[in-house]
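1 is the number of the first residue of the sequence shown in the UniProt record's numbering; add one for each residue after it.
Quick reminder that beta carbons are idealized off the backbone N, C-alpha and C, glycines included.
These numbers come from a predicted model, not from an experiment.
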Amino acid sequence: MFDLIKAVVLGILQGLTEFLPISSSAHLRIFPELFGWGDPGAAFTAVVQIGTELAVLIYFRKDIWRIGKAWVLALFKPEWRGSDDARMGWFIIVGSLPIVILGVLLKDIIERDFRNLWIIGTTLIVLGIVLGIADRIGPNTKKIDALTMRDAVLLGAAQAMALIPGVSRSGATISMGRFLGYEREAATRYAFLLAIPAVVGAGLFQLPEIPGGDNAYGWGPTLVGTIVSFLVGYAAIAWLLRYVSTRSYTPFVIYRVLLGSATLILLTAGVLSA
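So, in structure tokens, the structure goes:
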């Protein structure tokens with residue numbers, strides 16, 4: 001029963017933090033340790049993220065259907081090959097390759113070494129500062145339809161950095177988008193779309209680990225956590241897109257630096273175990 005309660009709490013945490021540029025994987029590593037629950041495991045983290053990506057699929061269903069339809073039609077009909085939606089399909093595919101390839105090649109290192117809290121605390125601070133700089137100096141001029149293949153590759157490489165907990169998939173992608181001059185709403189929207197293949201793929205890749213192995217809870221609590229993360233995540237998407245259309249990422253930068261600093265201080269004091 002207690003595992004179910006923990007899974008609900010972690011599902012809420014995942015839903016709230018997946019789309020904000022503050023790293024959901026860092027929160028799923030730090031807070032269970034702080035509560036004395038221990039590490040829920042990389043498998044639990046990967047699978048519960050499927051819930052939030054299901055929220056993305058539903059929220060952006062019209063965009064995804066339009067892009068997917070145009071991409072398939074462009075394979076057979078030349079007149080569709082220059083359309084913005086068909087190009088976006090290729091951008092998402094190409095942009096997903098870095099994180100997929102590195103995720104498979106570095107699986108053991110990600111699950112063992114990268115989940116160290118010293119690394120997570122440091123990346124929260126460093127990438128938070130990077131996000132703040134990108135948001136401040138990046139020209140707010142490009143819309144999402146200005147995306148090019150070069151930018152798609154760079155944004156995909158940035159997303160791949162999120163294999164290190166604490167970086168934040170959305171935070172890294174948004175930072176690169178802002179450096180490249182994309183509007184906040186455009187950078188955020190593309191970050192959501194680009195994350196779909198990576199997160200769903202990672203969750204499916206980790207499914208065999210759920211009955212045992214690198215998962216502290218098992219199927220029941222993991223499923224509950226995934227459902228909760230979907231419900232909370234859907235609300236978080238709508239809120240964030242409204243928020244970034246008129247405001248900066250500064251509150252998230254401050255939060256990242258504070259959380260990362262607190263994590264390092266608690267590690268030094270022996271309150272947390274790395």
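Spatially closest choice to residue i from the options, by CA coordinates
i: A158; options: V232, V47 and S96; result: S96
i: G270; options: G233, G36 and W65; result: G36
i: V199; options: V8, I5, L10 and S25; result: S25
i: I12; options: G51, R61, K69 and G220; result: G51
i: W239; options: L127, V8, L10 and G15; result: G15
i: T123; options: L259, L272 and T268; result: L259
i: F60; options: Y190, I110 and V228; result: Y190
i: D135; options: S170, I109 and S175; result: S175
i: D3; options: I265, Y234 and G218; result: G218
Sub-8 Å separation of residue i and residue j beta-carbons
i: L163; j: I99; result: yes
i: L241; j: L194; result: no
i: K142; j: E183; result: yes
i: I92; j: P197; result: yes
i: L102; j: A160; result: yes
i: V232; j: A7; result: no
i: V9; j: T226; result: no
i: E23; j: S168; result: It is worth fixing the name first, because residue 23 is Ser in this sequence and not Glu. Yes, these two residues count as a Cβ contact at 8 Å.
i: A187; j: G201; result: no
i: G121; j: L267; result: yes
Distance between residue j and residue i (C-alpha atoms, nearest Å)
i: R150; j: I5; result: 45 Å
i: I119; j: M88; result: 34 Å
i: Y243; j: K107; result: 35 Å
i: P139; j: A236; result: 26 Å
i: V253; j: G220; result: 35 Å
i: T263; j: S273; result: 10 Å
i: A152; j: I30; result: 31 Å
i: D113; j: L34; result: 19 Å
i: A145; j: S83; result: This sequence places Asp at residue 145; Ala is not what is there. Going from the Cα of D145 to the Cα of S83 covers about 10 Å.
i: G38; j: P32; result: 6 Å
i: V72; j: K62; result: 15 Å
i: V257; j: T148; result: 32 Å
i: V126; j: L28; result: 19 Å
i: W90; j: V104; result: 21 Å
i: I64; j: I137; result: 31 Å
i: Y255; j: R81; result: 43 Å
i: V94; j: D85; result: 14 Å
i: V228; j: K69; result: 30 Å
i: I117; j: I109; result: One detail in the question is off: residue 117 reads as Leu in this sequence, not Ile. Answer to the nearest angstrom: the Cα atoms are 14 Å apart.
i: S245; j: F192; result: 15 Å
i: S170; j: Y234; result: 15 Å
i: F230; j: T222; result: 12 Å
Worksheet item: In chain order, which continuous runs of the alpha helix (DSSP H) of length 4 or greater are located wholly inside the stretch 120-186?
Response: Listed in chain order, the complete alpha helix (DSSP H) runs (minimum 4 residues) inside the stretch 120-186 are 149-160 and 169-179.
Discussion item. Below 8 Å, how does it come out for the stretch 74-86 and the stretch 40-60: are there three or more Cβ pairs, yes or no?
Written reply: With a cut-off of 8 Å, the stretch 40-60 and the stretch 74-86 do not count as touching, because too few Cβ pairs lie within range.
Discussion item. With three or more beta-carbon pairs closer than 8 Å as the criterion, would you say the stretch 50-57 touches the stretch 13-24?
Written reply: Segment contact: the stretch 50-57 against the stretch 13-24, three or more CB-CB distances shorter than 8 Å; contact assigned.
Fill in: Meets three-Cβ-pair contact criterion under 8 Å: the stretch 246-257 and the stretch 129-148
Because the criterion of three Cβ pairs below 8 Å is met, the stretch 246-257 and the stretch 129-148 touch.
Discussion item. Restricting to runs no shorter than 4 residues, where is the alpha helix (DSSP H) found entirely within the stretch 12-45?
Written reply: If one requires a minimum length of 4 residues, the alpha helix (DSSP H) runs lying completely within the stretch 12-45 are 24-34, in chain order.
Discussion item. Going residue by residue through the stretch 218-258, where are the continuous alpha helix (DSSP H) segments of at least 4 residues, counting only ones entirely within it?
Written reply: Segments of the alpha helix (DSSP H) lying fully in the stretch 218-258: 219-244.
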